[in-house]
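Here the structure is laid out as structure tokens; the discussion comes afterwards.
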Amino acid sequence: MDLVARAKNIIINPAKEWEVIKAETISTGEMFRYAMILAILPAVAGFIGQCLIGQSFLGQHYRIPIGVGLASAVLWYVLTLVGVYLLGVIIDMLAPSFGCPKDMNASLKIAVFSWTASWLAGIFAIIPALGILAVLGLYSLYLLYLGMKSLKEVPPDKMVGYYVVTLIVAILVYVVVGVIAGLVMLGQRMP
Numbered sequence: 036m037d038l039v040a041r042a043k044n045i046i047i048n049p050a051k052e053w054e055v056i057k058a059e060t061i062s063t064g065e066m067f068r069y070a071m072i073l074a075i076l077p078a079v080a081g082f083i084g085q086c087l088i089g090q091s092f093l094g095q096h097y098r099i100p101i102g103v104g105l106a107s108a109v110l111w112y113v114l115t116l117v118g119v120y121l122l123g124v125i126i127d128m129l130a131p132s133f134g135c136p137k138d139m140n141a142s143l144k145i146a147v148f149s150w151t152a153s154w155l156a157g158i159f160a161i162i163p164a165l166g167i168l169a170v171l172g173l174y175s176l177y178l179l180y181l182g183m184k185s186l187k188e189v190p191p192d193k194m195v196g197y198y199v200v201t202l203i204v205a206i207l208v209y210v211v212v213g214v215i216a217g218l219v220m221l222g223q224r225m226p
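Taking our numbering as reference, the numbering of the sequence shown is continuous, increasing by one, and the terminal residue is 226.
Rendered as structure tokens:
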């Protein structure tokens, strides 16, 4: 699998690329190699942006200490990969409730490849003032919808429900993961 071509195609022509992905036999290891490479982009960009470049606010320039920034980047990276796996599990667990078969490989394909836009948009964290452009990562939600529609073969009358329920459960999981990360980082800052 050509990582650059896959990332480009899933962004530019997602409907066609999901059909290509559907036809491919991709191991969990291959999917997570893709995820590991792309997920490191926002982690490194955030580290550079927050620790080395910093940001100004009300005439003061702020930078996060290197140790805290490094720990935060590593934690974010690991929890992102865990979150992607959990999203795949959620997609698969909910499938029978919406009239489609369980297929963990297809569910992981959806989880991994749908987050491409989010990981690529995370590069804007390198310059904190451009961080707002990370909102472009919301395109991943559209990719998630298209991936579920293509790979899970959901009956048309159940597609929106499946997507909305998956999205709600995924948001709850990511909030819990975010709280855990915040508590870990808070513990790092305590003397």
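Note that beta-carbon positions come from the ideal geometry of N, C-alpha and C, so glycine has one too.
- Inter-segment contact for the stretch 95-106 and the stretch 151-162 is absent: fewer than three beta-carbon pairs are separated by less than 8 Å.
- In this structure, THR63 lies away from ILE125, with their beta-carbon atoms at least 8 Å apart.
- If the five residues before and after ALA156 are omitted, its C-beta is found closer than 6 Å to the C-beta atoms of ALA169, LEU171, GLY172, all from its own chain and listed in chain order.
- In its chain, beyond the 5 residues on either side, ALA146, ALA205 have a beta carbon closer than 6 Å to the beta carbon of LEU122.
- The alpha carbon of LYS43 has as its nearest neighbour, out of GLN90, LEU178, GLY134, MET71, the alpha carbon of LEU178.
- Taken atom to atom, the span from the alpha-carbon of TYR180 to that of GLU188 is near 12 Å.
- Between the stretch 125-143 and the stretch 105-114 there are fewer than three inter-stretch CB-CB distances shorter than 8 Å, so the stretches are not counted as touching.
- If you keep only unbroken alpha helix (DSSP H) runs of at least 4 residues inside the stretch 101-164, you get 101-129, 139-149, 151-156.
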